[in-house]
Amino acid sequence: MQFFAVKGLPMNRLSICALLFAMAFALIALCDQPLQAASPGATDIDAPNAFTKSDSGLSYRIRRRSTGRQPGPRDSVTVHYKGWLDDGTVFDSSYDRDEPTTFRLNQVVKGWTEGMQYIGEGGMIELEVPSDLGYGDRGAGKKIPPGAQLHFLVELISIN
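Per this note's numbering, the sequence shown starts with residue 308, numbered consecutively.
(1) For glutamate 462, count the other beta carbons within 10 Å of its own beta carbon; 16 or more makes it buried, fewer makes it exposed. Which is it?
(2) Find out if the Cβ-Cβ distance for the pair serine 346, tyrosine 402 is shorter than 9 Å.
(3) As a quick exercise: from Asp362, Ser363, Tyr367 and Ala349, pick the residue whose alpha carbon is nearest that of asparagine 489.
(4) Between the stretch 368-386 and the stretch 437-456, are three or more C-beta pairs nearer than 8 Å?
(5) Could you spell out where the alpha helix (DSSP H) holding aspartate 399 opens and where it closes?
(6) Can you name the residues that DSSP bridges to glycine 390?
(7) By Cβ distance below 7 Å, which residues in the same chain neighbour proline 452 in space, the five residues on each side in sequence not counted?
(8) For cysteine 338, does the three-state DSSP call read helix, strand or coil?
(9) Which one of Gly364, Gly418 and Ala455 has the shortest CA to CA distance from proline 380?
(10) For the beta strand (DSSP E) that contains threonine 408, what are its first and last residues?
(11) Comparing C-alpha positions only, which one of Thr359, Glu406 and Trp391 sits nearest to aspartate 399?
(12) Taking the continuous beta strand (DSSP E) assigned at glutamate 285, which residues delimit it?
(13) Express the C-alpha separation of glycine 448 and methionine 423 in angstroms, rounding to a whole number.
(14) Would isoleucine 352 be called buried (16 or more neighbouring beta carbons within 10 Å of its own) or exposed?
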């Protein structure tokens, strides 16, 4: 039996095996690539660049408006978020885990409780949480030092 790779150019069995091996190797290499983590959804084209500062000292900017329901301070919410420090170090991200997180707003730092009430389901907000609305002088574990200002990008998926 004669095989042809290109019309008129015969391929022997060794060439066919080499080609199949190369294709299998390429497929394995592609499968070995890490899965890409989820990433934040689109922001509004006209989303403000400037932050608004609330009376408590929380700075925020709404990245995507929503007409969905807004949570209250004791509601349970499902969100996707990323948190980082002033130097850009990411300390937590549901996007990296590729799984949204659910929690009650009265069980998180004060800056989150306040900030989440500014958007509705489907909305996105960026928060700059001063230390006194975050973890204060105690910090949190090894990732968040005492007195740290926290930054968050949060998408409100649902109110449960």
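Positions of the beta carbon are idealized from the N, C-alpha and C atoms, including for glycine.
The relevant details are as follows:
(1) Indexing the sequence shown from 1 puts residue 462 at position 155. Buried is the call here.
(2) Position 39 of the sequence shown, counting from 1, holds the residue named residue 346. Position 95 of the sequence shown, counting from 1, holds the residue named residue 402. Yes, the pair counts as a contact, with Cβ atoms nearer than the cut-off.
(3) This structure gives no information on residue 489, because the portion of the chain shown stretches from 308 to 467.
(4) no
(5) On the sequence shown, residue 399 is found 92 positions in, with the first residue counted as 1. Looking at the DSSP string, aspartate 399 is not in any alpha helix (DSSP H); the run it does join, the beta strand (DSSP E), is 397-400.
(6) Translated into positions along the sequence shown, residue 390 becomes position 83. Beta-bridge annotation (DSSP): glycine 390 is paired with Asp399 and Phe459.
(7) Counted from its first residue, the sequence shown places residue 452 at position 145. Here the set comprises Gly446.
(8) As a working mapping, residue 338 is identified with position 31 in the sequence shown. Residue placement at cysteine 338 cannot be trusted, given a pLDDT of 47 that sits under 50; what the coordinates show is reported in the next sentence. In the structure shown, the three-state DSSP call for cysteine 338 is helix.
(9) Locating residue 380 in the sequence shown gives position 73, counting from the first residue. Of Gly364, Gly418 and Ala455, the residue nearest in Cα terms is Gly418.
(10) If you number the sequence shown from 1, residue 408 lands on position 101. Annotation for threonine 408: the continuous beta strand (DSSP E) segment containing it runs 408-411.
(11) For the purposes of this step, residue 399 is taken as residue 92 along the sequence shown, with counting starting at 1. Checked all of Thr359, Glu406 and Trp391; the closest Cα to aspartate 399 is Trp391.
(12) This structure gives no information on residue 285, because the portion of the chain shown stretches from 308 to 467.
(13) Taking the sequence shown and counting its residues from 1, the one referred to as residue 423 is at position 116. Taking the sequence shown and counting its residues from 1, the one referred to as residue 448 is at position 141. Answer to the nearest angstrom: the Cα atoms are 24 Å apart.
(14) Translated into positions along the sequence shown, residue 352 becomes position 45. Exposed, because fewer than 16 other Cβ atoms sit within 10 Å of the Cβ of isoleucine 352.
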